[in-house]
Amino acid sequence: FRELIETHCGGIRGGWDNLLAVIPGGASVPLVPAEQIIDAPMDFDALRDLKSGLGTAAVIVMDKSTDIVKAIARLSYFYKHESCGQCTPCREGTGWMWRVMERLVRGEAHKREIDMLLDVTKQVEGHTICALGDAAAWPIQGLMRHFRGEVERRIDEFSRNAHRAEPVMVAAE
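Below, the structure is given as C-alpha cells:
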C-alpha cells in the first residue's frame, strides 16, 4: 500500500506518521490500522490475513485528523439507507447498528453496548439474501477490532463530563 499511496495518490498529508488507517476495499470491508497496512501487499491473500479484503479496491485513506468512529458511523448510515428492507436481519440490523454507532460517536452509549453491537453484526453477517448485510457489519467489526480503545475513551469522557452540562431552561422559567 505504501507504493500505491506514495506514488499514485500523492502520499499522506503530514507524512507517514500521520496515517491512521486504510479501508483497502471500499466501504464494505474492515479497516486496517496504519502499522499493519503500510507495507502490506495489495492482494487478496495479504488482506485476508489482516482480516480485511480487497473488495472493490476503492482505497480509503484516513489520516489522524479523521474521526474514525464518526467515519464508520457514516458508513453505517449509508448501509441503513441503502437496505431494501426485504431481509429482517438487514432491515432491522442496519438501523440498530447505525443508531448505536451514533451514540458511540457522541460517547453517550454504555460500554456494554459495544459487545451488543458486535453481536448484532454477527447476526446480520451471513444471514441476508444479498451481501449488503455483510458490508454493513464488517466496517463496525474492523473498528472495534482495532479502535475499541478510542470508542471506550469517548464513553469515559462523556461520563466524566455529563455532570458539567448546562441546565436546560424551560419556557416557564
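Note that this note's numbering has the sequence shown beginning at 15, numbered continuously upward.
Positions of the beta carbon are idealized from the N, C-alpha and C atoms, including for glycine.
As the structure is a computational prediction, the values presented were derived from the model and not from experiment.
Near residue i, which residues of its chain fall below 8 angstroms by C-beta distance, leaving aside the five closest residues on each side in sequence?
i	result
residue 60	54
residue 58	67 and 68
Can you tell me whether residue i is helix, strand or coil according to DSSP?
i	result
residue 56	coil
residue 43	coil
residue 37	strand
residue 129	helix
residue 114	helix
residue 81	coil
residue 26	coil
residue 119	helix
Quick check: what's the CA-CA separation for residue i versus residue j?
i	j	result
residue 92	residue 175	30 angstroms
residue 84	residue 70	22 angstroms
residue 50	residue 152	17 angstroms
residue 15	residue 80	19 angstroms
residue 64	residue 163	19 angstroms
residue 158	residue 22	30 angstroms
residue 20	residue 126	40 angstroms
residue 129	residue 119	16 angstroms
residue 117	residue 41	21 angstroms
residue 133	residue 148	13 angstroms
residue 88	residue 17	28 angstroms
residue 30	residue 24	12 angstroms
residue 166	residue 56	31 angstroms
residue 99	residue 34	34 angstroms
residue 123	residue 28	33 angstroms
Taking only beta-carbon atoms, is residue i less than 7 angstroms away from chain D?
i	result
residue 111	Included in the structure is just one protein chain, with no chain D present.
Here's a check: name, in chain order, each residue in its chain whose Cβ is nearer than 6 angstroms to the Cβ of residue i, leaving out the five neighbours to either side.
i	result
residue 143	101
residue 141	103
residue 135	151, 154 and 155
Let me confirm a value: residue i is counted as buried when at least 16 other C-beta atoms fall within 10 Å, else exposed. Which label applies?
i	result
residue 139	buried
residue 94	buried
Which whole-angstrom value is the C-beta distance of residue i and residue j, which I expect to be below 8 angstroms?
i	j	result
residue 111	residue 154	6 angstroms
residue 68	residue 156	The pair is not a contact, with the Cβ atoms about 14 angstroms apart (cut-off 8 angstroms).
residue 43	residue 75	14 angstroms between Cβ atoms; not a contact.
residue 73	residue 38	6 angstroms
residue 150	residue 90	7 angstroms
residue 161	residue 52	So it is not a contact: roughly 17 angstroms between Cβ atoms.
Give me, in chain order, the residues of the same chain whose beta-carbon lies closer than 7 angstroms to that of residue i; leave out the 5 immediate sequence neighbours on both sides.
i	result
residue 131	111, 114 and 154
residue 121	168, 169, 171 and 172
residue 97	104, 105, 108 and 146
residue 137	103 and 107
residue 32	26, 77 and 78
residue 62	none
residue 86	115, 153, 154 and 157
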